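In our numbering, the protein residues as written are 139 to 352.
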Amino acid sequence: MVSMIRAMAEEEPVVNPCCSVWKFQYTKVTAKRNALRQAVDLLEAHIDKIGAEKLTISKALEEERARVKAEKEAKTKESAVRVELENEVLRLKSEITSLQETAYSKGLDQELLQTQITEGEAEINRLKELLEKEKKRGDAEKKKAEKKAAEELKLLKAELQKRCAEEERKKLLNESWGRPILKSQIGSMKLSSGRRRCRKIRNCRRRNPSLLEK
Numbered sequence: 139m140v141s142m143i144r145a146m147a148e149e150e151p152v153v154n155p156c157c158s159v160w161k162f163q164y165t166k167v168t169a170k171r172n173a174l175r176q177a178v179d180l181l182e183a184h185i186d187k188i189g190a191e192k193l194t195i196s197k198a199l200e201e202e203r204a205r206v207k208a209e210k211e212a213k214t215k216e217s218a219v220r221v222e223l224e225n226e227v228l229r230l231k232s233e234i235t236s237l238q239e240t241a242y243s244k245g246l247d248q249e250l251l252q253t254q255i256t257e258g259e260a261e262i263n264r265l266k267e268l269l270e271k272e273k274k275r276g277d278a279e280k281k282k283a284e285k286k287a288a289e290e291l292k293l294l295k296a297e298l299q300k301r302c303a304e305e306e307r308k309k310l311l312n313e314s315w316g317r318p319i320l321k322s323q324i325g326s327m328k329l330s331s332g333r334r335r336c337r338k339i340r341n342c343r344r345r346n347p348s349l350l351e352k
């Protein structure tokens, strides 16, 4: 009977308890390391997404600046046309006055003078109407452009606020998810270190029984 028990004991593999503990700790550390790697991958993907959104917003801002610049150039051109028309009106008025003075001084035919005056006044009225139309058209385009710019700016601000809120929410979520992992790892490392220290003391006492008497 004793020989059978001895034979069975020899056949069964002997597993070192220390190796089992180390293997268990290594498995836990490996799992936590993989979790941290996944968290880092998520953060990197999130950073890339933020960069792409930033590039899109920058492009939209550049397009808005270009549009505003084009509107300013159009307004400048429109102002130049108005000034030119006003100068033309003043020139025609000056010519009429000069013709009147010349006619009176040289005794020209009153009918011819009246014809020239009538034509000049008709041209002045035409230019005034044209100037008024240009002003109305410019005012309408200005109001339309300002309304469009205000709407686009409002949409852009709303989009930025929405994205900022989303980024803040994701940041808080990542922080609340990452901290427990780090705390758990630190606690596990401290617990593992304490267990190793206790194990060393027990082994030393087993090897040196005289230490127990002290």
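Beta carbons: idealized from backbone N, C-alpha and C, even for Gly.
The model shown is predicted, which means the values in this text are computed figures rather than measured ones.
- The C-beta distance from Ile188 to Glu305 rounds to 7 Å, short enough to fall under 8 Å.
- Contact annotation: Ala204 and Leu294 have beta-carbon atoms that are not nearer than 8 Å.
- Distance between Ala190 and Lys300, taken at the CA atoms: about 16 Å.
- Approximately 6 Å separates the beta-carbon atoms of Glu272 and Arg220; this is inside 8 Å, confirming the contact.
- With respect to Leu223, Leu265 sits close: the two C-beta atoms are nearer than 8 Å.
- When the Cα atoms are used, Ile234 and Glu267 turn out to be separated by approximately 19 Å.
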